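Asker: So that we are looking at the same thing, I have put the structure below in structure tokens.
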Amino acid sequence: MSKKMPQENDAKSADLARFLQDNTEQCLTTDQGLRINDDQNSLKAGERGPTLLEDFILREKITHFDHERIPERVVHARGAAAHGYFQVYESQAHLTKAGFLQNPAEKTPVFVRFSTVAGSRGSSDLARDVRGFAVKFYTQEGNYDLVGNNMPVFFIQDAVKFPDLIHAVKPEPHNEIPQAASAHDTFWDFISLMPESMHMIMWVMSDRAIPRSLRMMEGFGVHTFRFITAEGKSRFVKFHWKPLLGVHSVVWNEALKISGQDPDFHRRDLWEAIDNGDFPEWEFGVQIIEEEDEHRFDFDLLDATKLIPEELAPVQRIGKMVLNRNPDNYFAETEQVAYHAGHVVPGIDFTDDPLLQGRLFSYTDTQLIRLGGPNFHEIPINRSVAPVHNNQRDGQMRQAVNTGRVSYSPNTLGGGCPMQAGADRSGFVSYPEPINAQKWRGKSEKFFDHFSQAALFFNSQADWEQAHIVKALQFELGKVEAPAVRERTVGMLAQIDPTLADRVAEGLGMAVPVTVELPLNRSVPADANAKDYQPKPVNPSVGASPALSMANKPADGIRTRKIAILAADGVDESAVTAMQKALAAAGAQSRIVAPHGGKLAGAGGTFIKVDHSLLTTSSVMFDAVYIPGGPHSIAALGNEADVLHFIQEAYNHCKTIAATGEGCELVAASFGNADRDGGQPTAGILLGRDAATDVVAAHFIAAIAQHRHWSREMKAQAPA
Ligand code: HDD
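Position in the sequence shown (from 1) plus 82 gives the number in the working numbering.
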């Protein structure tokens, strides 16, 4: 079930439908409802005469156009969103009184917006970046927003550093270069002076920062929150979203190319999946920490640069979210939606995480500038399904027509309405956390363990994942021009793991500095009360957390994967049909890619519709490639440099490649003896010269389900 619009809107659309039925001809009108006679010509004095200022129709249209843009979000400007619902598996009353987590029969409407952080609204989806994962639950108790990311930690520990972080990563102010990229001096200058960012840096340099699909990303609430039961018992909670399609990424070389081929890659993928009825699904997970265990860990639960390893506190999956409806209008919904980390419902409360505390101010403030005033909650996408009664009045673009003369409380003239709910009528009551402290500007000592969890993350990665992190750092720092910034950063990496620093330094052609000077603002005397804690070395007890590696995420079949079938005139159509059938049965989508558009004439005389000509697509748009036989088809494909490049690139990006009949010869022509690796079959290359297509298809499907064949990456590669 998707989000219900308020009743009056339903009534209005019914009226509109009736109106349209009565009026077969829908006339163009001004915004005042005046029917427009001619929308092609402005009002002029004579046939060639000047346009008259009197033309109120022209002026209304152009004025509206001139005002059609609103300030884009200062961060997370580029996004895509969808409607859906959330359903809890069983009552969580033992953990929280939150209404939407009580009844398994109840579906709570949601609107979810995914985003990149650094780029402008028109930037590429495939930037190396954190992805925003913001969920608005339209609950019966009011809107609850879980405004998270696809990474469980953050760059900084205190909101006061957020403007600095964002200024550093955004395009540099003198020339506005580079767009949607962290690979530049100001970002790494800041990072090299912020040891607390090192854990997050491991995540953003990993392939998590270049997801295969928004549907294949985990989501995290990041901060520690509180769950509160009806009896008032508080527990700490971390929130997780676990995608049922598994967690998958592309590789960096591929990301760069997708950005050129289709900058809307993620947005399109989400839209098409929902349009096809392949509704993306995530399970909602919670990690629960009892109040008395607050200080049990080596890290502070209030520090957003730390996660709770799943091995220490398992993720309990308590419900499921399904996205099943695309927005009707990008601007009205995806652009105007206003999330806020402070939109909570009874049963969910905050902790004193200093990053979270600052966010509680920022989100309303940003909506005021972005959406133009204090009434943004009245925009349809932001409206609560729970009735809203209060004495807030007026302001820019007020929609509600409040009646009566009472707009204050307490009152008697309005019968005392609206009345305070009180805790017994499920009014929100803040958790009465005892606080007895001195004011100061500082943090607790545990916040200074900056490197242990960075090392934990790096240690937990598979070989190929580590190799990708090293390459990403080489790329990013390779774009940095100031040698001192590179040196400081590599010095910082050495604090995490000396081998990591060595490998990065080798690619940069530099030595790992022996000592790192951190010209932090140490000259500023610390607050009189604050202790001057220093960064700690990696805690020697750090091991590995298998849950942090994408390599350990369960395999999940090939549902919704996209497979290219390379073919030309004369293709063996029976092979094409057999493969298409097998792939469709496994839930994947196949597309015919050919040297020309229109139709192909198969060897047996039937016609096959072409989905993409080679000019309009490339291998980076697909998860795998199949090349059916047919001597004429293979001869024609063999003459196309783009075809050879297509196959080589798929190979280099470690994708599964299958061929049958003469198709095997084309694979061999693309990169030699690709099916053999020292006498062993090469991983993910399936050549069935004489095999039946459905036998090859079964192996093909199993191989695609592994996502990529990383063992190939360690070998010498043809250039992509
Ligand atoms: Fe934020 C947007 C997530 C820290 C200030 N943030 C925004 C969005 C997401 C996040 C997903 C986009 C929502 C949408 O799709 O419209 N932000 C996070 C996470 C953080 C975080 C997971 C750390 C754990 N943010 C953070 C801090 C501040 C902000 C510390 C400020 C002190 N964030 C904002 C903002 C934005 C925003 C400026 C820009 C657009 C908006 O709010 O609506 O207020």
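By construction, the Cβ of each residue, glycine as well, lies at the ideal position given by its N, Cα and C atoms.
Every value quoted in this text rests on a predicted model; they were computed, and no experiment measured them.
Rounded to the nearest angstrom, how far is the Cβ of valine 217 from that of aspartate 227, given a contact under 8 angstroms?
Answerer: Indeed, because the Cβ distance is near 7 angstroms, the residues count as touching under 8 angstroms.
Asker: Please find out if some non-hydrogen atom of the ligand HDD comes closer than 7 angstroms to the beta-carbon of threonine 448.
Answerer: True, at least one ligand heavy atom lies under 7 angstroms from that Cβ.
Asker: Could you tell me if arginine 604 is buried or exposed, where buried requires 16 or more neighbouring beta carbons within 10 angstroms of its beta carbon?
Answerer: For arginine 604, the predicted structure reports a pLDDT of 46, less than 50, and the residue's modelled location is therefore unreliable. A value from the coordinates is still provided. So arginine 604 counts as exposed.
Asker: Run through DSSP, which three-state label would tryptophan 364 get?
Answerer: Looking at tryptophan 364 - three-state DSSP - the assignment turns out to be strand.
Asker: Spatial neighbours of glutamine 671 within its chain, please: C-beta separation below 6 angstroms, excluding the five flanking residues on both sides.
Answerer: Correct list, in chain order: Lys644.
Asker: Whose C-beta lies closer than 8 angstroms to the C-beta of proline 810 among residues of the same chain, with five residues either side of it excluded?
Answerer: Outside the shown range of the chain, which is 83 to 802, sits residue 810, and nothing can be said about it.
Asker: In the DSSP assignment, the alpha helix (DSSP H) including tyrosine 733 goes from what residue to what residue?
Answerer: Residues 723-734.
Asker: Tell me the residue span of the alpha helix (DSSP H) that contains glutamine 577.
Answerer: From DSSP, the alpha helix (DSSP H) with glutamine 577 extends over 565-578.
Asker: Does the beta-carbon distance from proline 325 to methionine 299 come in below 8 angstroms?
Answerer: Yes, these two residues count as a Cβ contact at 8 angstroms.
Asker: Counting only the same chain and skipping the five closest in sequence on each side, list residues whose C-beta sits under 6 angstroms from that of glycine 652.
Answerer: Around glycine 652: Ala685, Gly712, His714 and Ser715.
Asker: When you compare the CB positions of glutamate 748 and alanine 650, do they come within less than 8 angstroms of one another, or not?
Answerer: According to the sequence displayed, residue 748 carries leucine and not glutamate. No.
Asker: Tell me whether arginine 604 sits in a helix, a strand or coil according to DSSP, three-state version.
Answerer: Residue confidence is low: arginine 604 scores 46 on pLDDT, short of 50, so the model does not pin down where it sits. Its coordinate-derived value is still stated next. It is helical.
Asker: From the DSSP output, in three-state form, read off glutamine 788 for me.
Answerer: Residue state, collapsed to three classes: coil.
Asker: Check whether the Cβ of glutamate 722 lies closer than 8 angstroms to any Cβ atom in chain C.
Answerer: The chain labelled as chain C is not found in the depicted structure, where only one protein chain is given.
Asker: Specify, as a first and last residue, the run of the alpha helix (DSSP H) that lysine 553 falls within.
Answerer: Looking at the DSSP string, the run of the alpha helix (DSSP H) that includes lysine 553 is 545-560.
Asker: From the DSSP output, in three-state form, read off tryptophan 323 for me.
Answerer: Tryptophan 323 falls in the strand class under three-state DSSP.
Asker: In its own chain, which residues sit with a C-beta less than 8 angstroms from the C-beta of alanine 414, not counting the 5 before and 5 after it?
Answerer: Same-chain partners within the cutoff: Ile461, Pro462 and Ile463.
Asker: In chain order, what residues of the same chain lie with their CB nearer than 6 angstroms to the CB of glycine 679, ignoring the 5 residues before and after it?
Answerer: Closer than 6 angstroms at the Cβ level, and outside the excluded window around glycine 679, lie Val692 and Ser695.
Asker: At what residues does the alpha helix (DSSP H) containing isoleucine 640 begin and finish?
Answerer: It is not in any alpha helix (DSSP H) - isoleucine 640 carries neither H nor E in the DSSP assignment.
Asker: Identify, in the order they occur along the chain, each residue of the same chain with its Cβ nearer than 6 angstroms to the Cβ of glutamate 392, setting aside the five sequence neighbours on each side.
Answerer: Result list for glutamate 392: Ala629, in chain order.
Asker: Please name the residue, chosen from Trp353, Ala468 and His791, that lies closest to aspartate 410 on a Cα-to-Cα basis.
Answerer: The shortest Cα separation from aspartate 410 among Trp353, Ala468 and His791 belongs to Trp353.
Asker: May I have a chain-ordered list of the alpha helix (DSSP H) segments no shorter than 4 residues that lie completely inside the stretch 483-550?
Answerer: 534-541, all fully within the stretch 483-550.
Asker: Report the residue from Glu655, Gln730 and Glu731 whose alpha carbon sits nearest the alpha carbon of proline 710.
Answerer: Considering only alpha carbons, the answer is Glu655.
Asker: Quick one, which of Gly367, Leu275, Ala209 and Trp270 has its alpha-carbon nearest serine 331's?
Answerer: For the residues Gly367, Leu275, Ala209 and Trp270, the minimum Cα distance to serine 331 belongs to Ala209.
Asker: Could you check what DSSP says for threonine 738 in three-state terms: helix, strand or coil?
Answerer: DSSP places threonine 738 in strand when its eight states are reduced to three.
Asker: Histidine 281 to proline 617, Cα distance in whole Å?
Answerer: Answer to the nearest angstrom: the Cα atoms are 13 angstroms apart.
Asker: When we look at the beta-carbon of glutamine 662 and count the other beta-carbons within 10 Å, is it buried (16 or more) or exposed?
Answerer: So glutamine 662 counts as buried.
Asker: With a threshold of 16 other CB atoms inside 10 Å of the CB of lysine 339, please say whether the residue is buried or exposed.
Answerer: So lysine 339 ends up on the buried side.
Asker: Buried or exposed for glutamate 744, please, with buried defined as at least 16 other CB atoms from any protein chain shown within 10 angstroms of its CB.
Answerer: Buried is the call here.
Asker: Using C-beta distances below 8 angstroms, list every residue in its chain close to serine 512, excluding the 5 sequence neighbours before and after it, in chain order.
Answerer: The residues are Asp431.
Asker: Closer than 7 angstroms: is that where the CB of leucine 437 sits relative to any heavy atom of the ligand HDD?
Answerer: It does: the Cβ of leucine 437 is within 7 angstroms (strictly closer) of some heavy atom of the ligand HDD.
Asker: Nearest to glutamate 223 by CA position, among Val242, Ala180 and Lys402, is which residue?
Answerer: Minimum Cα distance to glutamate 223 is reached at Ala180.
Asker: For a test of your reading of the model: does the CB of serine 202 fall under 7 angstroms from any non-hydrogen atom of the ligand HDD? Yes or no.
Answerer: No.
Asker: For serine 316, which of helix, strand or coil comes out of DSSP?
Answerer: Note: serine 316 maps to strand in three-state DSSP.
Asker: Any heavy atom of the ligand HDD closer than 7 angstroms to the CB of phenylalanine 244?
Answerer: Phenylalanine 244 Cβ: within cutoff of the ligand HDD.
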